[in-house]
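Using mature numbering (1 follows the signal peptide of the UniProt record, and there is no 0), the letters of the sequence shown map in sequence onto residues -18 to -1, 1 to 313. The beta carbon of each residue, even a glycine, is placed where N, CA and C say it ideally should be. Presented below is the structure to which this report refers.
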Amino acid sequence: MAVLCALGLAGHASQALAAQAASEKIKVVATFSILADMAREVGGGHVDVAAIVGPNSDAHAFEPTPADVRELAQARVLVLNGLDFEGWLPRLLASSGFKGLQVLASDGVHVRRLDADNVAGEANADDHDHDHAGEHGHGEAHDHGGHHHEHAAGDVDPHAWQDLTNGAIYARNIAEGLAAADPRNAYYYRQRAEMYIQKMGKLDAEIKSSLKDIPPQRRVVITSHDAFGYFSDAYGIRFISVAGFSSAAEPSAADVARIIDRCRREHVAAIFIENMANTKVVQQIARETGVPTGGTLYSDALAPPGEPASTYLGMFSWNAGRLIRVLKPAP
C-alpha cells in the first residue's frame, strides 16, 4: 500500500509539474497562420501560439469575432506582419485592450512598392525595375495585369514573407520579441531562430539550383492576386496577377479581358489558383485562353495541419515545386 501511495503521490506531483510548465508558456497570438508557424518554430516548447486568421483563410477579407477579442486579450505577445496587411488589427487591438508586446515581424525587410508603370495595369516587362532584384541577382519582371484602379504608385506590397531572405528577418525579429518578453529563455529563442534560418537558406539554394536551367522566356505564370512579387524578385519568375495586392479586390470585366489578351500575346506557362482566393475568374481565363492550370499555390495562408504546405517551409517547398514542374521544358 505504501508503494502504491508513493507512486500515486509521484504521479500527482509529475502532473502538477507538467501543469506548471504548461502555465509558464508564453501566450503568443499571431495575426495569421504563416506568422503563427514561424512563432512556433522559434518559440519551441516555451510558447503557446494561436493564429487569428487560420489556415486557408483570407486575411485581406477577415473580420474579427468576439472570440478573437478574447484570445488577444489573454496574450503576452502579438506577432504581426505590418506593411498595411492587417487592416482590421487596430479595431481588434482597441476592442481587446491588449497591453502586451507587439512584434513587427517585417521590420527591416526591403519593402517592395507598386511602380508607377504598373498602375495602368499593362506594365512593360522590360521597363519594370526592381531594386530588390539586384540583391538576389535576378532581373525578371513582375506584372500586375489588371485592376489598375485599385492601387496608386507607391503602395506597399505586404507579402514580404514570399522571399526566404525576408523570412530570415522575420525569424530574428520574432526571436528578439520573445526574448524581450521572456529574457530567461532568450538564448533558446535565438538559437532556434538561427537553426530555422539555416533551413531557409538550404531551401533557398535548392530552389535556385532547380530553376537555373529554365529559360527566362518560360518563366511566366498567372495568379489570382499580386502576392508573389517578392518571390518574383528572388527567383526570376514573372507573375501576372488578375487583381492587386489585396485578394478582396474584384477585377472588372475590362481587367479580365486585358489578362486574356496578354495570355494570347505572351508565352504563359500556366495559371495557378491560390488556396484562399476565389477561383471563378482564374478558371474563366483558363477556359478562354486554353492555358493549362498548374494547381494551387499558397500565398497568404498555410494549408491545414498535416498537409504538405501546413508550415512556412512546407509552403515554400510546395509552391516552388509546383512552379518548377510547369516551367521546366519538356525533355
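Taking the beta carbon of residue i as the centre, do at least 16 other beta carbons fall within 10 Å, making it buried, or is it exposed?
i           : result
residue 246 : exposed
residue 205 : buried
residue 177 : exposed
residue 84  : exposed
residue 235 : exposed
residue 140 : buried
residue 188 : exposed
residue 79  : exposed
residue 137 : buried
residue 68  : buried
residue 56  : exposed
residue 256 : buried
residue 48  : exposed
Could you pull the start and end residues of the alpha helix (DSSP H) that residue i belongs to?
i           : result
residue 222 : Premise fails: residue 222 lies in the beta strand (DSSP E), 220 to 223, not in any alpha helix (DSSP H).
residue 346 : Past the boundaries of the shown model lies residue 346; the chain is included only from -18 to 313, so the question cannot be answered.
residue 53  : 48 to 55
residue 273 : No alpha helix (DSSP H) contains residue 273, which DSSP labels as neither H nor E.
residue 308 : 294 to 309
residue 210 : Premise fails: residue 210 is in no alpha helix (DSSP H) and is neither H nor E.
residue 76  : 71 to 78
Do you know how far the Cα of residue j is from the Cα of residue i?
i           : j           : result
residue 307 : residue 18  : 29 Å
residue 316 : residue 86  : The question about residue 316 has no answer here: the residues shown for the chain are numbered -18 through 313.
residue 304 : residue 253 : 11 Å
residue 26  : residue 174 : 8 Å
residue 199 : residue 213 : 17 Å
residue 221 : residue 248 : 12 Å
residue 301 : residue 12  : 22 Å
residue 54  : residue 90  : 25 Å
residue 270 : residue 75  : 45 Å
residue 23  : residue 42  : 24 Å
residue 311 : residue 14  : 36 Å
residue -1  : residue 164 : Because the pLDDT at residue -1 is just 48, under 50, the model does not fix this residue reliably, and the value given afterwards should be weighed accordingly. If I take the Cα positions, the gap works out to 19 Å.
residue 297 : residue 280 : 6 Å
residue 33  : residue 50  : 9 Å
residue 276 : residue 82  : 43 Å
residue 228 : residue 207 : Caution is warranted here: a pLDDT of 48 is assigned to residue 228, below 50, making its placement in the model unreliable, and no coordinate value can be reported.
residue 273 : residue 263 : 13 Å
residue 93  : residue 154 : 17 Å
residue 211 : residue 30  : 32 Å
With a cut-off of 8 Å on the beta carbons, I'd call residue i and residue j a contact; round off their distance for me.
i           : j           : result
residue 21  : residue 156 : 6 Å
residue 284 : residue 16  : 6 Å
residue 28  : residue 7   : 6 Å
residue 88  : residue 142 : 5 Å
residue 182 : residue 159 : Their Cβ separation, rounded to whole angstroms, is 18 Å, which puts residue 182 and residue 159 out of contact at 8 Å.
The beta strand (DSSP E) spanning residue i covers which residue range?
i           : result
residue 29  : 29 to 35
residue 261 : Careful: residue 261 lies outside any beta strand (DSSP E) and carries neither H nor E.
residue 61  : 59 to 62
residue 156 : Note, residue 156: premise wrong, no beta strand (DSSP E); alpha helix (DSSP H) at 146 to 163.
residue 12  : 8 to 14
residue 241 : No beta strand (DSSP E) contains residue 241, which is instead part of the alpha helix (DSSP H) from 235 to 247.
residue 86  : 83 to 86
residue 202 : 202 to 205
Using a beta-carbon distance below 8 Å, is residue i in contact with chain D?
i           : result
residue 309 : Reference to chain D is not applicable here, since this structure consists of a single protein chain.
Q | Inter-stretch contact (C-beta, 8 Å, three-pair minimum) for the region 235 to 242 and the region 282 to 301 | A | no
Q.
Closer than 8 Å is the cut-off here; do at least three beta carbon pairs connect the region 160 to 172 with the region 184 to 196?
A. no
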